[in-house]
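Asker: Can you read through this structure? Questions will come right after.
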Amino acid sequence: MRLCEVFRAAKLPKGHRAIGTKWVFKIKRKADGSIDKYKARLVAKGFNQQYGMDYTETFSPVVKYVTTHMVIAVAKYFEWTIDQIDVVTAFLYGVMKEQVFCVIPEGVELEGSFDCLELVKAIYGLKQASRVWNETFDEFVCAMDFKRQASTRVSA
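Numbering (the working numbering), first residue to last: 32 to 187.
Below, the structure is given as structure tokens:
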């Protein structure tokens, strides 16, 4: 999260609330059952967010099955290769538009007189995280002259 610059130490402004966070721990195992690695993810307690203050829009489009099937059919017909990508920790790249603050997570120590963290990027658990990631990814792809299918465009 430090590498992605997800947070910025802050003082909670008057009239704002800091939403809670929670650590989620997971043990990844190998096929034989032995431990592969330990993982930790910090998630927001998005159920504490207030509409109009912490978020406004939450809708994020999803590709329609008919679109996926059409692309696969056309690729098969023309013998094109199809590739896919997985953006690891995708939500951590979505740049926040709203000003959202969260409590300092357990185990995190800050230097200075800060009492919360301001979210610069979206984290899992935020109501708008999916939308924020979609907008960021859409800007990136459109900058390469790709066009979004009109029926899946997000209305502002």
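Every residue, glycine too, gets a C-beta built ideally from N, C-alpha and C.
Return the chain-ordered list of same chain residues with a C-beta closer than 7 Å to the C-beta of Thr167, the five sequence neighbours on each side being excluded.
Answerer: Closer than 7 Å at Cβ, skipping near neighbours: Tyr124, Gly125 and Val126.
Asker: Between the alpha carbons of Tyr108 and Met101, how many angstroms are there, rounded?
Answerer: So the two alpha carbons sit approximately 10 Å from each other.
Asker: Do you know offhand how far Pro92's Cα is from Glu140's?
Answerer: So the alpha carbons of these two residues sit roughly 37 Å apart.
Asker: Mind checking Ala71: buried by the 16 CB within 10 Å criterion, or exposed?
Answerer: Answer is exposed; the Cβ neighbour count stays below 16.
Asker: Does Glu140 come out as helix, strand or coil in the three-state DSSP assignment?
Answerer: In this structure, Glu140 counts as coil in the three-state DSSP scheme.
Asker: The alpha helix (DSSP H) that contains Trp164, what's its start and end?
Answerer: Taken as a continuous stretch (DSSP letters only), the alpha helix (DSSP H) holding Trp164 covers Ala160 to Cys173.
Asker: Go ahead and pull the three-state DSSP assignment for Val105.
Answerer: Note: Val105 maps to helix in three-state DSSP.
Asker: Alpha carbon to alpha carbon, what distance is there between Tyr69 and Phe56?
Answerer: The straight-line gap from Cα to Cα measures roughly 7 Å.
Asker: What does the Cβ neighbour count give for Lys152, buried or exposed, with the cut at 16 atoms within 10 Å?
Answerer: Lys152 should be labelled buried.
Asker: Leaving out the 5 sequence neighbours to the left and right, which residues in its chain are closer than 7 Å to Thr89 when beta-carbon positions are compared?
Answerer: If we look at Thr89 and ignore the five residues flanking it on each side, its Cβ neighbours are Lys158, Gln159 and Arg162.
Asker: What residue ranges within the segment 71-140 form continuous alpha helix (DSSP H) runs of no fewer than 4 residues, ordered along the chain?
Answerer: If we require 4 residues or more, the alpha helix (DSSP H) runs fully inside the segment 71-140 come out as 96-108.
Asker: Whole angstroms is fine: what's the gap from Lys76's alpha carbon to Val105's?
Answerer: Taking the straight line joining both Cα atoms gives about 43 Å.
Asker: Given a threshold of 16 other Cβ atoms within 10 Å of its Cβ, counted over all protein chains shown, does Gln80 qualify as buried or as exposed?
Answerer: Label assigned to Gln80: buried.
Asker: From Leu150, Lys95 and Phe177, pick the residue whose C-alpha is nearest to that of Asp85; which is it?
Answerer: Nearest C-alpha to Asp85: Leu150.
Asker: Are Arg48 and Leu148 touching if we call contact CB-CB under 8 Å?
Answerer: Result no, Cβ atoms of Arg48 and Leu148 do not sit closer than 8 Å.
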